[in-house]
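Notes follow once the structure below has been shown.
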Amino acid sequence: MQNIFPIIMCGGNGSRLWPLSRTAFPKQFLSLVSQQTMLQDTISRLSSLEKTVPLFICNEEHRFIVAEQLRQQHITASGILLEPVGRNTAPAIALAALKAIADGDDPLLLVLAADHVIQSPERFVDAVQQAESLAAQGQLVTFGIVPTEPHTGYGYIRQGAAMGSGYQVAEFVEKPDLVTAQRYLQSGDYLWNSGMFLFKASVYLQELNAHRPDILVACQAAFENSSHDLDFTRIDKAAFETCPDESIDYAVMEPTQHAVVIPLDAGWSDVGSWSSLWEVTNKDAQGNAIRGDVMLEQTHNSYIYSQDRLVATVGVDDLVVVETKDAVLVAHKDNVQQVKQIVNRLKADGRCEHLRHREVFRPWGSHDAIAEGARYHVKKVVVKPGQKTALQQHFHRAEHWVVVSGTAKVRNGEQTYLVSENESTFIPIGAAHSFENPGKVPLEIIEVRSGNYLGEDDIVRLDVDGVGY
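Per UniProt numbering, the very first residue in the sequence shown carries number 1; after that it's consecutive.
This is the structure we're talking about:
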């Protein structure tokens with residue numbers, strides 16, 4: 001058998017899982033169904049496949065999140081491709097195929113999304129192994145989920161004639177209405193479209209060239225002009241921007257004559273809404289899925305999530321209650337698809353709650369906004385051992401730093417000195433500054449900004465070794 005080369009796509013913003021999922025930190029990087037993040041769970045279920053060193057595809061903004069979550073799990077990656085702009089799945093997979101062939105191989109690409117739940121990983125691995133021979137023979141294999149209900153939120157695949165351990169794809173169909181979905185379920189001929197695939201890299205590129213050569217030409221130019229930065233491969237922006245925005249389903253899988261589907265019954269979910277997350281989460285005797293500091297009285301069939309404070313419910317049924325540091329969502333489980341409308345309103349109103357959490361993660365640590373006013377901001381800053389921020393300066397604000405845990409190595413203008421617990425230092429306007437954690441435990445600082453302009457764009461980075469915030 002050929003090598004299996006997992007391609008894990010880490011794009012998407014998961015807006016229907018707001019307020020936990022944000023543009024800067026979407027659902028695939030969150031711990032929602034286990035102690036690991038969804039990305040880490042996706043990697044873990046590959047552990048029983050031989051010779052699997054994944055390739056990751058993400059956007060520029062998420063690159064350090066991906067790298068850090070791999071580091072936490074001691075995962076070795078064959079690369080992290082950075083898309084300069086989003087162009088959907090057909091171009092992303094083309095980039096992965098081009099990299100695989102450029103590395104001197106023509107493996108079977110196992111294309112996975114980083115934000116899926118699979119409750120029976122062993123069945124998933126069995127399905128992949130069943131698909132290997134078909135993919136090696138030049139078929140483009142997709143995995144169709146055995147439906148458990150007449151779901152109207154998924155596309156469907158109609159099975160055709162049997163082929164090996166799978167079936168020829170008779171047709172892909174769009175998300176149906178309820179009556180049509182019920183008919184699909186009763187017929188037994190339809191599977192949910194999972195968006196997971198297995199095929200040879202060269203076969204995918206051949207089919208893409210046959211049906212959408214414009215996508216292939218743009219991806220080839222973008223990949224040929226890519227550059228390397230640490231563990232990342234930066235795809236050329238100018239070339240990639242010319243690439244059409246298209247899914248693999250429309251570009252390749254629907255027009256090809258070589259599409260095969262393998263049925264998969266493994267507790268799969270794309271966790272596309274809060275009700276979907278409730279379905280795949282462990283529940284108490286009253287049907288409640290809870291996480292965090294939660295107290296329930298006469299509450300049934302609800303999803304309650306507390307991030308920062310106590311959440312208590314009394315006499316409610318079928319609700320979703322999600323508390324974060326800067327937003328609270330209360331929704332009926334039957335209406336959670338409309339959460340995206342709240343996100344759209346936040347965007348239209350120019351608010352930031354859809355973009356990022358109050359606590360923002362950086363490669364060196366994190367910072368959490370505690371309080372703010374017209375002329376001051378207060379943040380809690382955590383720096384990981386051995387890490388430092390970029391050397392930078394501001395022209396409209398001064399900063400006071402109070403060390404509450406650990407020891408900081410501070411660069412302040414021309415001086416470099418240590419600041420220990422219960423000590424503070426002052427950074428005047430215009431002074432070049434940075435802080436570093438030279439110790440073995442996390443460094444915690446309370447930072448007070450004061451001035452007539454406190455925006456994040458009042459910053460000039462003076463080196464490239466650190467990453468500012």
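Built from N, CA and C at the ideal position, the CB exists for glycine as well.
Nearer than 6 Å: is that true of the beta carbon of residue 141 relative to any heavy atom of the ligand FAD? The model on display carries no ligand, and the ligand FAD is accordingly not part of it.
Quick one: using the 10 Å Cβ neighbour count with 16 as the cut-off for buried, is residue 275 buried or exposed? Taking the first residue of the sequence shown as 1, we reach residue 275 at position 275. Buried, since its Cβ has 16 or more Cβ neighbours within 10 Å.
Given 8 Å, three or more beta-carbon pairs between the stretch 255–269 and the stretch 130–141: Contact check between the stretch 255–269 and the stretch 130–141: three or more CB pairs, one atom from each, fall below 8 Å, which counts as touching.
For residue 147, which residues from the same chain have a beta carbon less than 6 Å from its beta carbon, with the 5 sequence-adjacent residues on both sides left out? For the purposes of this step, residue 147 is taken as residue 147 along the sequence shown, with counting starting at 1. So the qualifying residues of the chain are 185 and 192.
Inter-residue CB distance, residue 402 and residue 446 (contact presumed, cutoff 8 Å): Reading the sequence shown from its first residue, position 402 is the one you call residue 402. Reading the sequence shown from its first residue, position 446 is the one you call residue 446. Between residue 446 and residue 402 the Cβ distance is about 4 Å, and since that is below 8 Å, they are a contact.
Three-way DSSP call (helix, strand, coil) for residue 345 in this model: Position 345 of the sequence shown, counted from the first residue, corresponds to residue 345. Correct three-state label for residue 345: helix.
I'd like the list of long-range same chain contacts for residue 453, defined as Cβ closer than 8 Å, with 5 residues on each side in sequence excluded. Counting from 1 along the sequence shown, the entry for residue 453 is found at position 453. Once the five neighbours on either side are set aside, the close Cβ partners of residue 453 are 396 and 397.
From which residue to which residue does the beta strand (DSSP E) around residue 204 run? In the sequence shown, residue 204 corresponds to position 204, counting from 1. Per DSSP, residue 204 belongs to no beta strand (DSSP E); it is in the alpha helix (DSSP H), 201–211.
Candidates 205, 133, 174 and 263: closest to residue 188 by CA position: Locating residue 188 in the sequence shown gives position 188, counting from the first residue. Ranking the options by Cα distance to residue 188, first place goes to 263.
Please state the DSSP three-state secondary structure of residue 219. Residue mapping note: residue 219 aligns to position 219 of the sequence shown, counting from 1. Of the three classes helix, strand and coil, the one that applies to residue 219 here is helix, per DSSP.
I'd like to know whether the C-beta atoms of residue 167 and residue 160 end up nearer to each other than 7 Å. Start at 1 with the first residue of the sequence shown, and residue 167 comes out as number 167. Start at 1 with the first residue of the sequence shown, and residue 160 comes out as number 160. Residue 167 places its beta carbon less than 7 Å from that of residue 160.
For a minimum of 3 consecutive residues, which ranges assigned as the beta strand (DSSP E) are wholly contained in the stretch 76–154? 79–83, 108–113 and 140–145
Closer than 8 Å is the cut-off here; do at least three beta carbon pairs connect the stretch 114–126 with the stretch 29–48? Contact between the stretch 114–126 and the stretch 29–48 is present, because at least three Cβ pairs lie under 8 Å.
Find the nearest neighbour of residue 204 within the set 461, 145, 254 and 177, judged by alpha-carbon distance. The residue labelled residue 204 in the question sits at position 204 within the sequence shown. The candidate whose alpha carbon is nearest that of residue 204 is 254.
Rounded to whole angstroms, what is the Cα-Cα separation between residue 442 and residue 209? Start at 1 with the first residue of the sequence shown, and residue 442 comes out as number 442. Start at 1 with the first residue of the sequence shown, and residue 209 comes out as number 209. Each residue's alpha carbon lies about 51 Å from the other.
From residue 249 to residue 61, what distance separates their C-alpha atoms? Position 249 of the sequence shown holds residue 249. Position 61 of the sequence shown holds residue 61. Between residue 249 and residue 61, the C-alpha separation is close to 26 Å.
Which ranges does the beta strand (DSSP E) cover as unbroken runs of at least 3 residues, wholly within the stretch 160–186, from first to last along the chain? Correct list: 166–173.
Closest residue to residue 471 among 293, 300 and 273 (Cα-Cα distance): For the chain, the structure presents residues 1 to 469; residue 471 sits outside this window and is missing.
Tell me where the alpha helix (DSSP H) around residue 42 begins and ends. If you number the sequence shown from 1, residue 42 lands on position 42. Run containing residue 42: 38–44, per the alpha helix (DSSP H) assignment.
Is residue 329 helix, strand or coil by DSSP? In the sequence shown, residue 329 corresponds to position 329, counting from 1. In the structure shown, residue 329 sits in a strand (DSSP, three-state: E or B).
Spatial neighbours of residue 33 in its chain, beta-carbon cut-off 8 Å, leaving aside the 5 residues before and after: Indexing the sequence shown from 1 puts residue 33 at position 33. For residue 33, where only same-chain residues beyond five positions count, the Cβ hits under 8 Å are 41, 117, 271, 277, 280 and 281.
Reducing DSSP to helix, strand and coil, say where residue 238 ends up. By 1-based counting over the sequence shown, the position of residue 238 is 238. Three-state DSSP puts residue 238 in a helix.
Measure the beta-carbon distance from residue 125 to residue 7 and round it to whole angstroms, keeping in mind my assumption that it falls under 8 Å. Within the sequence shown, residue 125 is the residue found at index 125, counting from 1. Within the sequence shown, residue 7 is the residue found at index 7, counting from 1. Taking a contact as a CB-CB distance under 8 Å, the pair residue 125 and residue 7 does not count as one, their CB atoms being some 17 Å apart.
Any contact of the stretch 125–134 with the stretch 163–183, i.e. 3+ C-beta pairs under 8 Å? With the rule of 3 Cβ pairs closer than 8 Å, the stretch 125–134 counts as touching the stretch 163–183.
So, under 8 Å CB-CB, residue 76 and residue 53 are touching, yes? Tell me the CB distance rounded to an integer number of Å. Sequence index remark: in the sequence shown, residue 76 carries index 76 (1-based). Sequence index remark: in the sequence shown, residue 53 carries index 53 (1-based). Contact between residue 76 and residue 53 holds: their C-beta atoms lie close to 6 Å from each other, under 8 Å.
Just the C-alpha distance for residue 376 and residue 427, rounded to the nearest angstrom, thanks. The residue given as residue 376 occupies position 376 in the sequence shown. The residue given as residue 427 occupies position 427 in the sequence shown. Those two C-alpha atoms are separated by around 14 Å.
Could you compute how far the alpha carbon of residue 336 sits from the alpha carbon of residue 321? As a position in the sequence shown, residue 336 is number 336, starting the count at 1. As a position in the sequence shown, residue 321 is number 321, starting the count at 1. Distance between the alpha carbons of residue 336 and residue 321 is about 11 Å.
Does the stretch 83–101 touch the stretch 216–225, meaning 3 or more C-beta pairs lie closer than 8 Å? yes
On the CB-based measure, 16 or more other CB atoms within 10 Å of its CB, does residue 419 come out buried or exposed? Working through the sequence shown from its first residue, we reach residue 419 at position 419. With 16 or more other Cβ atoms within 10 Å, it is buried.
Return the residue from the list 105, 72, 80 and 266 that minimises the CA-CA distance to residue 123. Stepping through the sequence shown from its first residue, residue 123 is reached at position 123. For residue 123, the nearest C-alpha among the options comes from 266.
Distance, residue 79 Cα to residue 231 Cα: If you number the sequence shown from 1, residue 231 lands on position 231. If you number the sequence shown from 1, residue 79 lands on position 79. The alpha-carbon atoms of residue 231 and residue 79 are separated by roughly 7 Å.
Whole-angstrom distance between residue 369 and residue 435, CA atom to CA atom: For the purposes of this step, residue 435 is taken as residue 435 along the sequence shown, with counting starting at 1. For the purposes of this step, residue 369 is taken as residue 369 along the sequence shown, with counting starting at 1. Computed Cα separation, rounded: 18 Å.
What does the alpha-carbon distance come out to for the pair residue 302 and residue 313? Stepping through the sequence shown from its first residue, residue 302 is reached at position 302. Stepping through the sequence shown from its first residue, residue 313 is reached at position 313. In a straight line, the C-alpha of residue 302 is about 10 Å away from that of residue 313.
Just to confirm before moving on: does the CB-CB distance between residue 222 and residue 236 stay below 7 Å? For this step, residue 222 is matched to residue 222 along the sequence shown. For this step, residue 236 is matched to residue 236 along the sequence shown. Between residue 222 and residue 236, the C-beta gap is smaller than 7 Å, which places the two residues in contact.
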